[in-house]
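The sequence shown lines up with residues 1 to 496 when you count with the working numbering. In what follows, a single structure is set out as structure tokens and then discussed.
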Amino acid sequence: MNAQSELVAQVRRTGTLPDLPDGLYLDGGFRPATSRRTMESFDPGKGEAFASFARGDADDVDAAVTSAARAFEAGWRDTAPVERGRILARVAQLILAEADRLAIAECLDSGKTLAEAEGDVRGAARAFEYYAGACDKLEGKTFPLGAGYLGYSLHEPVGVTAHVIPWNYPISTAARGLAPALAAGCTVVAKPAEQTPFTALMLADILSRAGLPAGVCNVVTGTGAEAGAPLVGHPGIAHVTFTGSVATGKRVMKSAADHVTRLVLELGGKSPVIVLKDCDREAALNGVLGAIFENAGQICSAGSRLVIERRIADSFLEELVARTRRLTLGHGLRNPDMGPVSSAEHLAKISGFVERARTRGSEILTGGNIASDPQTGQGWFFEPTIIADRPADDELVQEEVFGPVLTVQIAEDADHALELANGTPFGLVAGIYTSDHGTAHRLARRLDAGQVFINEYFAGGIEVPFGGTKLSGFGREKGLEGLLSYCRTKSVAAKL
Ligand code: NAD
């Protein structure tokens, strides 16, 4: 048995991971919430609490913002970019060195399968690696003012940044926000979701061991109302990166308006996967399955609508349903094809969508029911579900379920597919499967989405800017554009 299998076996025996951090991370160390209150985190694969953590509130947020502001002024903003880069590169190495433990913590906390958690941890390391290399390449411009003048621009760090993190991708969302913010010279206060607090705390500890000065990264755990709201409304915050629901995003935007705080909002979607008659069938089948059932469909960019050309719809759906029925469910640590969903409340929400679809007379091609871990009978599971052709105004076409539920829409041709694909209030990503590259790129230009995947859903990585249009939000994370989200441009013009 290797070290990881031993740790997995121990966690399965005891139900928890030893030595999880239980404090807030403030000013370079762990400490309890000012109120001394704690709350529990649940293992969705069992539906049982497995650890407790600090329940921070406005007092702790205030202390964290003060600590981050002090660290910003005390030198992080002026630390040589190459030195910032070296620290971030060490963070990437430490994440990889401690990947087993991070992945098991993520698996227990979020429910995702161990393989998915391992992928997220590698992705987090990659984010730090990418932005480590970018620190000393944040070049400004010179402006052609003519003889006797000098004009140039500087990319300055914006200041203290707030990062409100969701429960579906805890460590990867934290990393894709923190790495560019720190690379730009900003300091950080992160607020992980109350369902999944641990990997953000573990990451803060890694950052410190990699050489990040005290106060540059702070983590306040707690609920959205008690810790998230005071953070995004704090006058000391210069920029908020929020990932989560549309309803909360709107609240965050209103509260940021009070201090004219900069904002990146990443709010989910109802993303289409367009499958045309000339597609590579095997690639499309695998792509559609992964697009909706990875992470039990709890992905802002999940491909939750299959928009398929009528000519191939019947045979494609027959095979898709057969493959979906073969997917295994179970506790994430056993590495099934699909794990549980995040919470009992979320399970009820998903089930509500499917029950309402039933009462509207929808044909459920497969799945459609609440389930449990077949070995233990425990946990918060929903069967992988496919619902047959729904009209464009159906709730299942227009609203985000955020679970393993795929809605089918039938298109007559590529142009009709485009019309259906664009027909929701969201615009995060879109997928296209076709062997005609001309059609693919023509559709890519006209799709109302922040990112388009051609012939491989989720193609690309940290190098590719990511963000939405319409209700999916605005601003971009990832790529060099993500780095510029944490900078403000200063123009300097001088008469010589
Ligand atoms: P949410 O938007 O309420 O929570 C996301 C984060 O925001 C959490 O850290 C939460 O504590 C924090 N938060 C909550 N209220 C806040 C406030 N007033 N001010 C500042 N921060 C606040 O999401 P949820 O309730 O956990 O999930 C509900 C739905 O949101 C899901 O069903 C799904 O549709 C969507 N969602 C989307 C994403 C995404 O990646 N875009 C992620 C999670 C959830």
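Ideal Cβ placement from N, Cα and C applies to all residues, glycine included.
Worksheet entry | Sequence-distant residues of its chain with Cβ nearer than 8 angstroms to Q375 (five each side left out) | As a working note, residue 375 is residue 375 in the sequence shown. Closer than 8 angstroms at Cβ, skipping near neighbours: G330, H331 and R334.
Worksheet item: By the 10 Å Cβ neighbour count, where 16 or more other Cβ atoms means buried, how is E6 classified, buried or exposed?
Response: Here residue 6 corresponds to residue number 6 of the sequence shown, with the count starting at 1. It counts as exposed.
Worksheet item: If you compare alpha carbons, which of R262, I386 and R126 is closest to G176?
Response: Counting from 1 along the sequence shown, the entry for residue 176 is found at position 176. The identity of residue 176 in the sequence shown is Arg, whereas the question assumes Gly. Here the closest residue by C-alpha is R126.
Item to complete: Could you tell me if M202 is buried or exposed, where buried requires 16 or more neighbouring beta carbons within 10 angstroms of its beta carbon?
Response: Walking along the sequence shown from the start, residue 202 turns up at place 202. So M202 counts as buried.
Practice prompt. Drop a sphere of 10 angstroms on the beta-carbon of V121, count the other beta-carbons inside from all chains shown, and report buried for 16 or more, exposed for fewer.
Written response: As a first step, residue 121 must be located in the sequence shown, where it is residue number 121. Answer is buried; the Cβ neighbour count reaches 16.
Worksheet item: Grouping DSSP H, G and I as helix and E and B as strand, with all else coil, what is T469?
Response: Taking the sequence shown and counting its residues from 1, the one referred to as residue 469 is at position 469. The answer is strand: DSSP assigns T469 an E or B state.
Practice prompt. Kindly indicate which residue of T366, E48 and T196 has the alpha-carbon position closest to the one of I171.
Written response: Residue mapping note: residue 171 aligns to position 171 of the sequence shown, counting from 1. Considering only alpha carbons, the answer is T196.
Discussion item. Is the beta carbon of L306 closer than 8 angstroms to that of F511?
Written reply: Because the chain spans 1 through 496 in this model, residue 511 falls outside it and cannot be assessed.
Item to complete: State the start and end residues of the unbroken beta strand (DSSP E) segment that holds R262.
Response: Residue 262 sits at position 262 when you count from the first residue of the sequence shown. Here the beta strand (DSSP E) through R262 covers R262 to E266.
Item to complete: Provide the residue span of the beta strand (DSSP E) that contains K495, from first to last.
Response: To locate residue 495, count along the sequence shown from 1; it is residue 495. First-last of the beta strand (DSSP E) with K495: C487 to K495.
Worksheet item: Would a C-beta distance cut-off of 8 angstroms place T199 and A174 closer than the cut-off?
Response: In the sequence shown, counting from the first residue as 1, residue 199 sits at position 199. In the sequence shown, counting from the first residue as 1, residue 174 sits at position 174. Contact flag set, yes.
Discussion item. Between which residues of its own chain and P21 is the CB-CB distance below 8 angstroms, once the five residues before and five after are set aside?
Written reply: For the purposes of this step, residue 21 is taken as the residue at position 21 of the sequence shown. Here the set comprises F30, F53, F198, L201, M202 and D205.
Practice prompt. Could you have a look at S67 and say whether DSSP puts it in helix, strand or coil?
Written response: Here residue 67 is taken as the residue at index 67 of the sequence shown, counted from 1. DSSP places S67 in helix when its eight states are reduced to three.
Worksheet item: Should Y486 and P192 be called a contact, given that it needs their Cβ atoms to be closer than 8 angstroms?
Response: Here residue 486 is taken as the residue at index 486 of the sequence shown, counted from 1. Here residue 192 is taken as the residue at index 192 of the sequence shown, counted from 1. For Y486 and P192, no; Cβs fall outside 8 angstroms.
Item to complete: Look up P180 in the DSSP assignment and say whether it is helix, strand or coil.
Response: Residue mapping note: residue 180 aligns to position 180 of the sequence shown, counting from 1. DSSP places P180 within a helical segment (H, G or I) once states are collapsed to three.
Fill in: Segment limits, beta strand (DSSP E) that includes Y457
Sequence index remark: in the sequence shown, residue 457 carries index 457 (1-based). Secondary structure note for Y457: it is in no beta strand (DSSP E), with a DSSP letter that is neither H nor E.
Discussion item. If I measure Cβ to Cβ from A64 and keep anything under 7 angstroms in the same chain, skipping five residues before and after, which residues do I get?
Written reply: For the purposes of this step, residue 64 is taken as residue 64 along the sequence shown, with counting starting at 1. These residues qualify, in order along the chain: L26, V189, N218 and V220.
Practice prompt. Alpha carbon to alpha carbon, how far is F474 from L428? Give it in angstroms, no decimals.
Written response: Counting from 1 along the sequence shown, the entry for residue 428 is found at position 428. Counting from 1 along the sequence shown, the entry for residue 474 is found at position 474. Those two C-alpha atoms are separated by around 10 angstroms.
Worksheet entry | Among P166, L212, R262 and I370, the one whose alpha carbon lies nearest that of A179 | Position 179 of the sequence shown holds residue 179. Answer by Cα proximity: L212.
Discussion item. On the CB-based measure, 16 or more other CB atoms within 10 Å of its CB, does G379 come out buried or exposed?
Written reply: In the sequence shown, counting from the first residue as 1, residue 379 sits at position 379. Buried.
Fill in: Which listed residue (A33, Y131 and T366) has its alpha carbon closest to that of G482
Residue numbering aside, residue 482 sits at position 482 when the sequence shown is read from its first letter. The residue with the shortest Cα to Cα distance from G482 is Y131.
Worksheet item: Which stretch, first to last residue, makes up the beta strand (DSSP E) that contains N218?
Response: Position 218 of the sequence shown, counted from the first residue, corresponds to residue 218. N218 -> beta strand (DSSP E) spans C217 to V219.
Worksheet item: Can I387 and L365 be called in contact, C-beta distance under 8 angstroms?
Response: Stepping through the sequence shown from its first residue, residue 387 is reached at position 387. Stepping through the sequence shown from its first residue, residue 365 is reached at position 365. Yes; because the gap between Cβ atoms is below 8 angstroms, this pair is in contact.
Worksheet entry | Distance between E309 and F316 (C-alpha atoms, nearest Å) | Counted from its first residue, the sequence shown places residue 316 at position 316. Counted from its first residue, the sequence shown places residue 309 at position 309. F316 and E309 have their alpha carbons spaced roughly 10 angstroms apart.
Discussion item. Once DSSP output is grouped into helix, strand and coil, what is the label at T113?
Written reply: Counting from one through the sequence shown, the residue named residue 113 turns up at place 113. Looking at T113 - three-state DSSP - the assignment turns out to be coil, as it is neither helix nor strand.
Discussion item. Please identify the residue among Q4, P336 and V408 whose C-alpha is closest to the C-alpha of L102.
Written reply: Residue mapping note: residue 102 aligns to position 102 of the sequence shown, counting from 1. Nearest C-alpha to L102: Q4.
Discussion item. Between S41 and D57, how many whole angstroms is the CB-CB distance? I'm expecting something under 8 angstroms.
Written reply: To locate residue 41, count along the sequence shown from 1; it is residue 41. To locate residue 57, count along the sequence shown from 1; it is residue 57. In fact, because the Cβ distance is near 18 angstroms, the residues do not count as touching under 8 angstroms.
Worksheet entry | E477 Cβ short of 7 angstroms to the ligand NAD heavy atom set | The residue labelled residue 477 in the question sits at position 477 within the sequence shown. For the ligand NAD, not one heavy atom lies less than 7 angstroms from the Cβ of E477.
Item to complete: With hydrogens ignored, establish whether the beta-carbon of I171 is closer than 7 angstroms to any heavy atom of the ligand MN.
Response: Of the ligands one can find in the structure shown, namely the ligand NAD, none is the ligand MN.
Worksheet item: Rounded to a whole number of angstroms, what is the C-alpha to C-alpha distance between A414 and T439?
Response: One-based indexing of the sequence shown puts residue 414 at position 414. One-based indexing of the sequence shown puts residue 439 at position 439. Each residue's CA atom was taken as its position, placing A414 and T439 some 8 angstroms apart.
Worksheet item: Who are the Cβ neighbours of F453 in its own chain at under 6 angstroms, not counting the five residues just before and after it?
Response: The sequence position of residue 453 within the sequence shown is 453, counting from 1. Only G431 and A459 meet the Cβ criterion.
Discussion item. For L420, report the span of its beta strand (DSSP E) as first-last.
Written reply: As a position in the sequence shown, residue 420 is number 420, starting the count at 1. No beta strand (DSSP E) contains L420, which is instead part of the alpha helix (DSSP H) from A414 to A421.
Worksheet entry | Beta-carbon gap between M338 and P384 smaller than 8 angstroms | Within the sequence shown, the letter at position 338 stands for residue 338. Within the sequence shown, the letter at position 384 stands for residue 384. Result yes, Cβ atoms of M338 and P384 sit closer than 8 angstroms.
Discussion item. Let me confirm a value: K46 is counted as buried when at least 16 other C-beta atoms fall within 10 Å, else exposed. Which label applies?
Written reply: Against the sequence shown, residue 46 aligns to sequence position 46. K46 is buried by the Cβ-count criterion.
Discussion item. Which residue marks the beginning of the beta strand (DSSP E) containing L26, and which one marks its end?
Written reply: If you number the sequence shown from 1, residue 26 lands on position 26. DSSP places L26 in the uninterrupted beta strand (DSSP E) bounded by L24 to L26.
Worksheet item: the ligand NAD heavy atoms versus the CB of N168: any closer than 7 angstroms?
Response: To locate residue 168, count along the sequence shown from 1; it is residue 168. Checking every heavy atom of the ligand NAD against the Cβ of N168, one is found closer than 7 angstroms.
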